[in-house]
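**Q**
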């Protein structure tokens, strides 16, 4: 697979990355050996870039996948929601221990929202210190927000940014409102011009756009400002589809079968706003004891009406 450097970091990654979240406990809950096999399948076919996070609980899959092989070229990016210095430093040390890696190539502040850069200053100091000590090679942030992506272009010490963008503009935020793909692309362009590495998320809008597979991929892979596109996988067949697309071998009429997809609501992202519940025609969404949305799969029609209305992209179809 073609590779590109992430901005000025000197870190070379495959143009498509492997998002490990879907195989984890919050979605497919694959056995560790099975999930590790899917990761190895991708690595053997040219992927070298893996995305995970502290709260995904997917470190065991990656560690198992890399056991006993020559995988020094593999780049792992992780991230944490911890906002304070001690919490972020603990997250970095946890990743090193659980992944069995002395150095984590990329570590990010996870899902930074509008107005949070100041309140997460402690976490940012921890990241800078970890980089200075050689615990990580590159630091940055992930975000769904246009203003945060724009600010990343001039944030001293920031190496990489992991923003949300897709052809339909699903999930892009501008403060408390929705933003457009054009605005996000402009912010990404500023990061790229500033030498920041850019890898993007949610090309399929959390699964809502999978039925428009090639249109979704055409959009993100056509942007020279994006160094790598991170895509979630849970099955070998999904990897084969992506490689067929990248190799130019996919029939123009092809779209994956999405009939067996299920709806998941990420409890870490959900704010209990009720948008998805109101949009559900089957009454399949309810509030749990924490006031957050969950799905009754016995009632769910997998119609997808809930996903586009979620303001924080907590609703995932997989």
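Numbering (UniProt numbering), first residue to last: 1 to 318.
All residues carry an ideal CB built from backbone N, CA and C; glycine is no exception.
Using three-state DSSP, classify residue 33 as helix, strand or coil.
**A** The answer is helix: DSSP assigns residue 33 an H, G or I state.
**Q** So which of 225, 254 and 223 has the shortest CA-CA distance to residue 238?
**A** Of the candidates 225, 254 and 223, the one whose C-alpha sits nearest the C-alpha of residue 238 is 254.
**Q** DSSP state of residue 51, grouped into three classes?
**A** Looking at residue 51 - three-state DSSP - the assignment turns out to be strand.
**Q** Residues bridged to residue 108 by DSSP?
**A** According to DSSP, which records beta bridges pairwise, residue 108 is partnered with 79 and 140.
**Q** Note down, one range per segment and in chain order, each beta strand (DSSP E) of at least 3 residues found wholly within the stretch 232-271.
**A** Within the stretch 232-271, the complete beta strand (DSSP E) runs of at least 3 residues are 263-265.
**Q** Rounding to the nearest angstrom, what Cα-Cα distance links residue 43 and residue 207 in this structure?
**A** Approximately 23 Å, taken between the alpha carbons.
**Q** Residue 65 by DSSP, collapsed to three states: which one?
**A** Helix.
**Q** Kindly list the residues whose CB is nearer than 6 Å to the CB of residue 322, restricted to its own chain and excluding five residues on each side of it in sequence; keep chain order.
**A** Residue 322 is absent from the structure shown; the chain starts at 1 and stops at 318.
**Q** What are the start and end residues of the alpha helix (DSSP H) that includes residue 15?
**A** Here residue 15 belongs to no alpha helix (DSSP H), and DSSP marks it neither H nor E.
**Q** Could you tell me how far apart the beta carbons of residue 84 and residue 123 are, in whole angstroms, since I believe they sit closer than 8 Å?
**A** The Cβ separation is near 6 Å, so the contact holds.
**Q** What are the residues that DSSP puts in a beta bridge with residue 319?
**A** Because the chain spans 1 through 318 in this model, residue 319 falls outside it and cannot be assessed.
**Q** Taking 8 Å as the threshold (C-beta atoms), are residue 146 and residue 99 in contact?
**A** Cβ distance not < 8 Å, so residue 99 and residue 146 don't count as in contact.
**Q** What whole-angstrom Cβ distance do residue 101 and residue 91 have, given they're in contact under 8 Å?
**A** Their Cβ separation, rounded to whole angstroms, is 14 Å, which puts residue 101 and residue 91 out of contact at 8 Å.
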